[in-house]
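Below is one structure, written out as structure tokens; comments come after it.
Residue numbers (the working numbering): 42 to 473.
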């Protein structure tokens, strides 16, 4: 009875905090696409090439600081790291609304990436402190749902803010909640179960004993360098690189593609931009449920990505003269690109021991950031230089197809499955 009560209490207390925090991070990185489609370039005299670079600069900062952030979170405090990050990224997002030229925008976009770099790996580490291996893939899924859910409501809200106020006010209004939330996070979040006032002593002991028991018999990996040389980690990193080219090319430039393709205003573009993310939420829940039920991670990763690749190619083949058919395929592509996130991030702690899993997830996520940089820059560049999204559809289709091939090549062995039975972080007070 105590275990069931504990599990219920953790889900209802921790997951809303984690979900809101990650949602605010995603809001302040993705709303740039709406500003780019609504007059920011003209106001700041930004050329098409520079606009593509500005959209991508975030991911360059994000790439360089993933691993240091994850290591700090694992060895010190997720609570302190996220508190400072919330204030800084909310402040930077708000400053974006008052810049007077493109040079300040370059600095702010890069620094926003630096500050937000640690959020995803730190949150994955945080969940490892609170949930056992049997629960972790579901916990990861609810964390990552903050991505499409934020895009869903942000697409509509940003469209209205720009239409009725301006792109500047959109950044200012959408940046402030992160700063306010920082103080709520500090009040509610606890790094480890031992620090939680909302658990009694027996509940704390039961949870930490369960986490400690999962470490018994685990095959050690000495350090991060050894983990990073693992062929499986390398394949996952390359796969996520290719996958992210498609995801962020899509996320950043969908409003511009829709606005140009059907000559619509930003409110209409906002509503149409939101539909792929509604489909993505449904797809993520279904795929994660199937993955947990069958415990076959790869089987729920590469098929959705293959469908997304085919959908992008279909949008290219249809061309601009068949807008609504092309848009339907974009909805399918968006849903299928997001669907495998839960199973994908469940693979990592199942093939690596706990002392290096956080750093390995950061490495993989940093390669995703590099792919996001390439995707957001190249899609913006191709759209502006060719005058149509056709070439960018081909780029995203090809990148996703390559990620499918790499996923199929990943073959976790029997030894990995043995290690996976015990692979969770050490309880409070243990050291690598």
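The beta carbon of each residue, even a glycine, is placed where N, CA and C say it ideally should be.
Pair within 8 Å by beta-carbon distance, residue i and residue j
i	j	result
residue 108	residue 229	no
residue 317	residue 412	no
residue 92	residue 232	no
residue 273	residue 449	no
residue 168	residue 174	no
residue 290	residue 154	no
residue 383	residue 182	yes
residue 322	residue 193	yes
residue 99	residue 199	no
residue 276	residue 442	no
residue 133	residue 149	yes
residue 163	residue 114	yes
residue 346	residue 444	yes
Helix, strand or coil at residue i according to DSSP, with G and I counted as helix
i	result
residue 284	helix
residue 430	coil
residue 51	helix
residue 211	helix
residue 188	helix
residue 470	Confidence in residue 470 is poor, its pLDDT being 38 and thus under 50, which makes the residue's placement unreliable; the coordinate value appears in the next sentence. Correct three-state label for residue 470: coil.
residue 291	helix
residue 139	coil
residue 347	helix
residue 230	coil
residue 237	coil
residue 172	coil
residue 70	helix
residue 273	helix
residue 206	coil
residue 451	coil
Terminal residues of the alpha helix (DSSP H) in which residue i lies
i	result
residue 336	Where residue 336 is concerned, there is no enclosing alpha helix (DSSP H), given that its DSSP letter is neither H nor E.
residue 364	364-379
residue 168	160-169
residue 245	242-254
Counted within 10 angstroms of its Cβ, other Cβ atoms place residue i as buried (16 or more) or exposed
i	result
residue 433	buried
residue 144	exposed
residue 466	Annotation note: pLDDT 40 at residue 466 (below 50); position unreliable, no value reported.
residue 210	exposed
residue 267	exposed
residue 313	buried
residue 123	buried
residue 142	exposed
residue 86	exposed
Legend entry - Unbroken stretches of the alpha helix (DSSP H), 4 residues or longer, contained in the segment 72-155: 73-77, 81-85, 89-105, 107-116, 119-137
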